[in-house]
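Student: At position 499 of the sequence shown (counting the first as 1) the number is 499 in full-length UniProt numbering, and the numbers step up by one without a gap.
We put the CB at the ideal spot given by N, CA and C, even for glycine.
Keep in mind the model is a prediction, meaning the values are calculated, not measured.
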Amino acid sequence: MITNTELEYKGNLYPNTIVEYRRDTDKLYFTTSNGVILEMTILRDSIFRFRYATENIFEPDFSYSISEDVSIGFNHLKVEENTTEYLVHTAKLRVLVDKKTLRIQISDLEGNIINEDELGFHWEENYEFGGNSVKMSKITQNAESFYGLGDKATHSNLKGKRVSNWVTDQYAYGKDQDPLYKAIPFFIGLHNNKSYGIFFDNTFKTNFDFAHERRNVTSFWADGGEMNYYFIYGPQMSQVVKSYTNLTGTPELPPMWAMGYHQSKWSYYPESNVRALAKNFRKLRIPCDAIYLDIDYMDGFKCFTWDKSRFPNPKKMISDLEEKGFKTVVMIDPGIKIDKDYWVYQEGVENDYFCKRADGAFMKGKVWPGECNFPDFTNPKVREWWAELYKEMMSEIGVHAVWNDMNEPAVMEVPTKTAPLDTRHDYDGHPCSHRKAHNVYGMQMVRATYEGIKKYVYPKRPFVITRAAFAGTQRFSSTWTGDNVATWEHLWIANVQAQRMCMSGYSFIGSDIGGFAEQPNGELFARWIQLGVFHPFCRVHSSGDHGDQEPWSFDDEVTNIVRKFIELRYQLLPYLYTMFYRYSKEGVPMLKPLVHFDQEDHQTHFRTDEFIFGEQILICPVQEPNAQGRRMYIPRGTWYNYWTNEAVVGGMEKWVVAGLDKIPIFIKEGAMIPKYPVQQYVGELEIKELVLDVYYKKGVETSTVYEDGQDGYDYKKGRYSLRNFNFKGKEKELVIQQFKDGSFITSYNTFKMNLHGLPFKIKQILVDNEIVDLKEVKLNGNNNIHLSKDFTVLHIIGA
Ligand code: GLC
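(1) Does the beta-carbon of Met136 have 16 or more other beta-carbons within 10 angstroms, so that it is buried, or is it exposed?
(2) For a test of the three-state rule: what should DSSP assign to Asn560, helix, strand or coil?
(3) Here's a check: name, in chain order, each residue in its chain whose Cβ is nearer than 7 angstroms to the Cβ of Val694, leaving out the five neighbours to either side.
(4) Just the Cα atoms here: how many angstroms apart are Ile2 and Lys675?
(5) Could you pull out every residue in the same chain whose Cβ sits closer than 6 angstroms to the Cβ of Ser478, ignoring the five residues on either side in sequence?
(6) So if I measure from each beta-carbon to every heavy atom of the ligand GLC and keep distances below 5 angstroms, which residues remain?
(7) What are the complete beta strand (DSSP E) segments, minimum 3 residues, inside the segment 242 to 310?
(8) Tell me which residues share the same chain as Lys242 and place their Cβ nearer than 7 angstroms to its Cβ, disregarding the 5 neighbours each side in the sequence.
(9) Under the three-state reduction of DSSP, which class applies to Pro380: helix, strand or coil?
(10) With DSSP collapsed to three states, give me the class of Leu315.
(11) In whole angstroms, give me the CA-to-CA distance for Val329 and Val399.
(12) So Ala486 packs on Leu524, CB below 8 angstroms; how close in whole Å?
(13) Just curious, the beta strand (DSSP E) that Met632 is in, first and last residue?
(14) Cα-Cα, which of Phe121, Leu568, Glu686 and Glu39 is closest to Asp24?
(15) Where do the N-terminal and C-terminal ends of the beta strand (DSSP E) with Val772 fall, by residue?
(16) Closest by CA to Leu572, which one among His434, Leu685, Tyr196 and Gly260?
(17) Could you give the distance in angstroms between the alpha-carbon of Leu7 and the alpha-carbon of Met363?
(18) What is the residue span of the beta strand (DSSP E) that Met579 lies within?
(19) Any contact between the segment 157 to 177 and the segment 90 to 100? By contact I mean 3 or more CB pairs, one from each, below 8 angstroms.
(20) In terms of alpha-carbon separation, which member of Ala143, Asn439, Glu323 and Pro462 lies closest to Ile215?
(21) Return helix, strand or coil for Met1, following the three-state DSSP convention.
(22) By DSSP, does Val700 sit in helix, in strand, or in coil?
(23) Under 8 angstroms by Cβ, that's how I've got Thr481 and Gln497 pegged, so tell me the actual separation to the nearest angstrom.
(24) Need the endpoints of the beta strand (DSSP E) that Tyr21 sits in, please.
(25) What number of angstroms, rounded off, separates the C-alpha of Ser33 from the C-alpha of Tyr456?
(26) Gly224 and Phe204 look like a contact to me (Cβ under 8 angstroms); what is the Cβ gap, rounded to whole Å?
(27) Rounded to whole angstroms, what's the CA-CA distance from Ser743 to Gln549? Just pull it up for me.
(28) What is the residue span of the alpha helix (DSSP H) that Tyr456 lies within?
(29) Alpha carbon to alpha carbon, what distance is there between Glu646 and Lys778?
(30) Could you tell me whether the segment 694 to 708 touches the segment 291 to 302, where touching means 3 or more Cβ pairs closer than 8 angstroms?
(31) Hey, quick one: how far does the beta strand (DSSP E) through Trp480 stretch, first residue to last?
(32) Who are the near neighbours of Ala799 in its chain, counting only those whose CB is closer than 6 angstroms to its CB and skipping five residues on each side?
(33) Would the segment 142 to 159 and the segment 438 to 454 be scored as touching if the rule is three or more Cβ pairs under 8 angstroms?
(34) Does Phe326 come out as helix, strand or coil in the three-state DSSP assignment?
(35) Could you pull out every residue in the same chain whose Cβ sits closer than 6 angstroms to the Cβ of Glu124, ignoring the five residues on either side in sequence?
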């Protein structure tokens, strides 16, 4: 075990004096007398890449994580030198590189230290495998907090913790258990109201220590590869998260139905059960957009086959379900059954697509079908083949979307739970062992799946789900938090994990609502649904061994609560879709922990439960049994209680009433929240009027509504509708300006504005500077008005 203790100091090697400096456009090279080279790349004025070579040699520069679309370019770069250090200046930061030690120190232009090396880069040679264990240690700044790192099931603030990244199948994991299914070696540091991020782009097993072993030291290290990290400066955390997300990429917009409610179980079969399930949703009028088929639809768990006794005519079943508004999502695992009569296996062997061990034997492992071989998804040819395997399933049978599971890869009955470390991989032409490829194996599988689905659902948009992920996987797929448990503690975990993933660039996230292992009681299920409808991916899934977990599996009270919250999600679809649009386009996380919302307020630094859904809705789940409400922190500003319309001033803890049929929901003042009517599935109804819930504020606020065809690619040709609303409230006046963009024509012609918290009685309304008859806008009491969707300025004048 490598640690950063003094004891292990002996094995470590360090750079010594810089003997050469060279600049090549945006790259600076500092070489030491013992052959260490620091390559510092200036991507933007506030984003740098630090990469270290030992023995004067860099590895070929290759990354699965960095997006091709990353925007780069800086305004200013100047390098100076004095007797002890090099000084690198950009328009935002200053970096000192120490001539004796190669240690760096990064400050802002006012001279505040943002981040500085302690021992800095050091390494240990690895006799067993070759190469180095590469290490970095930094000084922990005063009162520094840490966030990010993917799916860690632990307190959102990582200070005092040590975690590692090695994607692992952790059935029924517990709180603080680590590692889990994802490896996202990205963290955010916050001190003195300034945030920065570090993305360690290294796919070997990585470790992070946040002042755990030594109070004043933060370190990270990897079992191999290069010390290669990106430093991203804020100073706002929102800027750090956006920049990281931009660096590793965002997904394109999924079809809107992917944001509906989804129902899954291990497993719904045979066909008659699936049909009955669908029927019940419509009968009970509980909205639902997708039904999932877990492994039992396959013939003997062989991927790309159907069990014809359970599903004699999948094509017919899928099209019948589609008529009722259900999409069918099926599971595909990476393990290919070793069976000489199975075509996928035959193709894999004939074309040499399966992973092999160091000495040439096939890598074999047990999964659901028994002994399997595993395609080497790090080989581009294998990915192409895999993408094509979906052809029949998608274009012939009509499956709508695919769920990739067990892609860590999970291997049963071995203590390591995965492939042996000597397994060989192509790694896109950089051959390596599983030590390096393990963390990206699942990512490359789902990448191949995504390519296949995208091709075969075209001109519709693809939707894919994965369990394993590495930094950047968000470009291809949504994800869920794996095999959780039906306990109250896991409800807490699901909440933290979803927020953490959003902070780690990965917003299309949800948990198995209700818990995968074991069974929730009705109360826990209802509380979990109340949280789950505010997660970007909203799916009930369970192992099915312990009882049913459909919305109606408990009592009527629970069914009614579940329906009410799923209906709320469907009403909020235009809001959710707009959130996704902003995530996809700008890298804005869909859920924001309070620290992301207001880092200057120190009360937010250790909060775990409250989060902002999108930009303007504050959510706080109830995470305890028998609760009639809860204490929660309301962030600074004024917020409207969604249920009572009462305005509350934040910056303090409050008791909020929330019996079983409610959870605390607050709307930011000045917000304009778009809503659709309840539909049983996306696209069921033609939207006749867009509801805008307007919450009065004395002051300004902006809101956005993005809409398009809800599927397909017309939006890329400009056929979208983007509305930006500028809200300005005065004592006796309200002015709303609308700015429109895009050529998509929405099905509705009018808005229905519900005015909440208006402090005056309406005397007069002007639309585009013309007084309108109050009858014309159907002013109903003081609460709502109907008006054309094309207005530019709306003036509401009080008496
Ligand atoms: C894994 C998945 C789970 C699935 C099961 C059977 O445990 O995480 O979601 O239901 O395998 O396929």
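Tutor: If we stick to the structure as given:
(1) By 1-based counting over the sequence shown, the position of residue 136 is 136. Burial call: buried.
(2) Within the sequence shown, numbered from 1, the residue matching residue 560 stands at position 560. Reduced to three states, the DSSP call for Asn560 is helix.
(3) Here the question's residue 694 lines up with position 694 in the sequence shown. Met672, Met753, Asn754, Leu755 and His756.
(4) Reading the sequence shown from its first residue, position 2 is the one you call residue 2. Reading the sequence shown from its first residue, position 675 is the one you call residue 675. Reliability of the predicted coordinates at Ile2 is poor, the pLDDT of 49 falling under 50, and no value is obtained from them.
(5) Along the sequence shown, one-based indexing puts residue 478 at 478. Ile465, Phe508 and Phe537.
(6) Chain order is used for the residues whose beta-carbon lies nearer than 5 angstroms to a heavy atom of the ligand GLC, namely Trp266, Asp294, Ile295, Asp405 and Asp483.
(7) 261 to 263 and 290 to 293
(8) In the sequence shown, counting from the first residue as 1, residue 242 sits at position 242. Taken in chain order, the residues that qualify are Glu586, Gly587 and Val588.
(9) Within the sequence shown, numbered from 1, the residue matching residue 380 stands at position 380. Helix.
(10) As a first step, residue 315 is located in the sequence shown; it is residue number 315 there, counting from the start. Reading off the sequence shown, one finds Lys at residue 315, where the question assumed Leu. It is helical.
(11) As a working note, residue 329 is residue 329 in the sequence shown. As a working note, residue 399 is residue 399 in the sequence shown. Approximately 6 angstroms between the Cα atoms of the pair.
(12) For the purposes of this step, residue 486 is identified with residue 486 of the sequence shown, where counting begins at 1. For the purposes of this step, residue 524 is identified with residue 524 of the sequence shown, where counting begins at 1. About 6 angstroms separates the two Cβ atoms, so the contact holds.
(13) Translated into positions along the sequence shown, residue 632 becomes position 632. Segment Gly629 to Ile634, the beta strand (DSSP E) holding Met632.
(14) For the purposes of this step, residue 24 is identified with residue 24 of the sequence shown, where counting begins at 1. For Asp24, the nearest C-alpha among the options comes from Glu39.
(15) Reading the sequence shown from its first residue, position 772 is the one you call residue 772. It is not in any beta strand (DSSP E) - Val772 carries neither H nor E in the DSSP assignment.
(16) Translated into positions along the sequence shown, residue 572 becomes position 572. Measuring from the Cα of Leu572, the nearest candidate turns out to be Gly260.
(17) Counting from one through the sequence shown, the residue named residue 7 turns up at place 7. Counting from one through the sequence shown, the residue named residue 363 turns up at place 363. Below a pLDDT of 50, predicted positions are generally treated as unreliable, and Leu7, at 45, falls in that range; no measurement from the model is reported.
(18) On the sequence shown, position 579 is the one that residue 579 refers to. Note, Met579: premise wrong, no beta strand (DSSP E); alpha helix (DSSP H) at Leu573 to Glu586.
(19) no
(20) Locating residue 215 in the sequence shown gives position 215, counting from the first residue. In the sequence on display, residue 215 carries Arg and not Ile. Checking every option, the nearest Cα to that of Arg215 belongs to Ala143.
(21) Here residue 1 corresponds to residue number 1 of the sequence shown, with the count starting at 1. Because Met1 carries a pLDDT of 46, less than 50, the predicted location of this residue cannot be relied on, and the following value inherits that uncertainty. It is coil, neither helix nor strand.
(22) Along the sequence shown, read from residue 1 onward, the residue named residue 700 stands at position 700. DSSP places Val700 in strand when its eight states are reduced to three.
(23) By one-based count along the sequence shown, residue 481 stands at place 481. By one-based count along the sequence shown, residue 497 stands at place 497. Rounded, the Cβ-Cβ distance is 5 angstroms, consistent with contact.
(24) Here residue 21 refers to the residue found at position 21 when the sequence shown is read from its first residue. That run of the beta strand (DSSP E) goes Ile18 to Asp24.
(25) Locating residue 33 in the sequence shown gives position 33, counting from the first residue. Locating residue 456 in the sequence shown gives position 456, counting from the first residue. Computed Cα separation, rounded: 56 angstroms.
(26) Counting from 1 along the sequence shown, the entry for residue 224 is found at position 224. Counting from 1 along the sequence shown, the entry for residue 204 is found at position 204. Sure, about 4 angstroms apart at Cβ, within 8 angstroms.
(27) Within the sequence shown, numbered from 1, the residue matching residue 743 stands at position 743. Within the sequence shown, numbered from 1, the residue matching residue 549 stands at position 549. Their Cα atoms are separated by approximately 43 angstroms.
(28) Here residue 456 is taken as the residue at index 456 of the sequence shown, counted from 1. First-last of the alpha helix (DSSP H) with Tyr456: His434 to Val457.
(29) If you number the sequence shown from 1, residue 778 lands on position 778. If you number the sequence shown from 1, residue 646 lands on position 646. Approximately 25 angstroms, taken between the alpha carbons.
(30) These segments do not touch.
(31) Counted from its first residue, the sequence shown places residue 480 at position 480. First-last of the beta strand (DSSP E) with Trp480: Ser478 to Trp480.
(32) If you number the sequence shown from 1, residue 799 lands on position 799. Lys761 and Lys763.
(33) no
(34) The residue you call residue 326 lines up with position 326 of the sequence shown. Reduced to three states, the DSSP call for Phe326 is coil.
(35) Taking the first residue of the sequence shown as 1, we reach residue 124 at position 124. Gly11, Asn12 and Ser133.
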